[in-house]
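Protein chains: 2
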Amino acid sequence: MRIGEFARRAGVSTRSLRYYEQQGLITARRSANGYREYDEGDLRLVAEIRALLTVGFTLADAEPFVACLRAGNATGGACAESAAVYRRKLAEIDEEIRTLLARRTEMAAQLAGSCTGCPTGRQGEK
Amino acid sequence: MRIGEFARRAGVSTRSLRYYEQQGLITARRSANGYREYDEGDLRLVAEIRALLTVGFTLADAEPFVACLRAGNATGGACAESAAVYRRKLAEIDEEIRTLLARRTEMAAQLAGSCTGCPTGRQGEK
DNA sequence: GTAATCCCTGACGCCGGTGTCAAGGTCAAG
DNA sequence: CTTGACCTTGACACCGGCGTCAGGGATTAC
Numbered sequence: 029m030r031i032g033e034f035a036r037r038a039g040v041s042t043r044s045l046r047y048y049e050q051q052g053l054i055t056a057r058r059s060a061n062g063y064r065e066y067d068e069g070d071l072r073l074v075a076e077i078r079a080l081l082t083v084g085f086t087l088a089d090a091e092p093f094v095a096c097l098r099a100g101n102a103t104g105g106a107c108a109e110s111a112a113v114y115r116r117k118l119a120e121i122d123e124e125i126r127t128l129l130a131r132r133t134e135m136a137a138q139l140a141g142s143c144t145g146c147p148t149g150r151q152g153e154k
Numbered sequence: 029m030r031i032g033e034f035a036r037r038a039g040v041s042t043r044s045l046r047y048y049e050q051q052g053l054i055t056a057r058r059s060a061n062g063y064r065e066y067d068e069g070d071l072r073l074v075a076e077i078r079a080l081l082t083v084g085f086t087l088a089d090a091e092p093f094v095a096c097l098r099a100g101n102a103t104g105g106a107c108a109e110s111a112a113v114y115r116r117k118l119a120e121i122d123e124e125i126r127t128l129l130a131r132r133t134e135m136a137a138q139l140a141g142s143c144t145g146c147p148t149g150r151q152g153e154k
């Protein structure tokens, strides 16, 4: 099917699909007139990309997963390279969580301390 | 003092100082020739901005804190508006932490599940 | 023939803070 | 007067994913 219908079915914009192709994920074959042609199986690839993007992956991060699916695996994470990305992202998330927790603690302390001297007093909840 | 020396003393680039001014924070007075003139007290304002930026504030978020300091308060967080920003950022951080924790859990599960079928097995730590 | 609909590529805008370059003014020392 | 250090404003680049417009080709229905 062509890009318009495929985009509707996949739930993404045609712009996104062209961008994915430009970035080397999901390269559609072309019909004689130059139009992109997608097949049913590509829906799965798009779904994988969308799922990964929503959990904070970049398109570059998602590439191994798409390749893994195209290689015939049942899941995009089944390949060694995908697992490596998983581990790296997991480490990144852990690091981010640590940072945020530290910030949270510090900010809560700041807020408590500042309000001691608040001239307007506290404002209650909303 | 002029911007060059001030920047060195504050530990930021002149570019940043001009940007802060453009965004409405730390507007330096001008000497006859048009050069920006900063004084000692402004160092404190820059320090406040840098501290807030490093914990994830935007310049817009930092504005009340700078204003608060300029109003003569001992800390930038002593004013009501600053406290409101604190509360908002705290809520944002909490939300972000929740999101990341959920992701972390899901990804860890994915990684574990994927590795069951990993042809290369696990690689130990590092 | 022509209108409608779909497709193509290329390119700019956005967001936030900053690096960096360009073109030109200012001032002090020699 | 010249050199050099410092200042000014303006503007482009970056990152990532995508919206959106421009200009032009293809296909189908009438």
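Line order of the protein sequences matches chains A and B. For the first sequence, this note's numbering begins at 29 and goes up steadily by one. For the second sequence, this note's numbering begins at 29 and goes up steadily by one. From the three backbone atoms N, C-alpha and C, an ideal C-beta is built for every residue, glycine too. In this text, all values refer to a predicted model and were calculated from it rather than measured experimentally.
Three-way DSSP call (helix, strand, coil) for residue i in this model
| i | result |
| --- | --- |
| A:Gly149 | For A:Gly149, the predicted structure reports a pLDDT of 41, less than 50, and the residue's modelled location is therefore unreliable. A value from the coordinates is still provided. Here A:Gly149 sits in coil by DSSP. |
| A:Arg36 | helix |
| A:Arg57 | strand |
| B:Arg64 | strand |
| A:Lys154 | Per-residue confidence for A:Lys154 stands at a pLDDT of 33, beneath the threshold of 50, marking its modelled position as unreliable; the derived number appears in the next sentence. A:Lys154: coil per DSSP, three-state reduction. |
| A:Val83 | coil |
| A:Gly100 | coil |
| B:Arg30 | coil |
Limits of the unbroken alpha helix (DSSP H) element including residue i
| i | result |
| --- | --- |
| A:Gln50 | 42-50 |
DSSP beta-bridge partners of residue i
| i | result |
| --- | --- |
| A:Arg116 | Its beta-bridge partners do not exist; DSSP assigns none. |
Closer than 9 Å to chain B by CB, residue i
| i | result |
| --- | --- |
| A:Arg30 | no |
| A:Cys146 | Only weak support exists for where A:Cys146 lies, its pLDDT of 49 falling under 50; the coordinates are left without a value. |
| A:Arg132 | yes |
| A:Leu139 | yes |
| A:Arg115 | yes |
| A:Asp122 | yes |
| A:Leu118 | yes |
| A:Leu129 | yes |
| A:Val83 | yes |
| A:Ala111 | yes |
| A:Thr103 | yes |
Any chain A beta carbon closer than 9 Å to residue i
| i | result |
| --- | --- |
| B:Ala136 | yes |
| B:Gly69 | no |
| B:Leu73 | no |
| B:Ile125 | yes |
| B:Gly152 | Note on B:Gly152: pLDDT 36, under 50, position unreliable in the model; the coordinate value appears next. Chain A, which has no Cβ nearer than 9 Å to the Cβ of B:Gly152, makes this no. |
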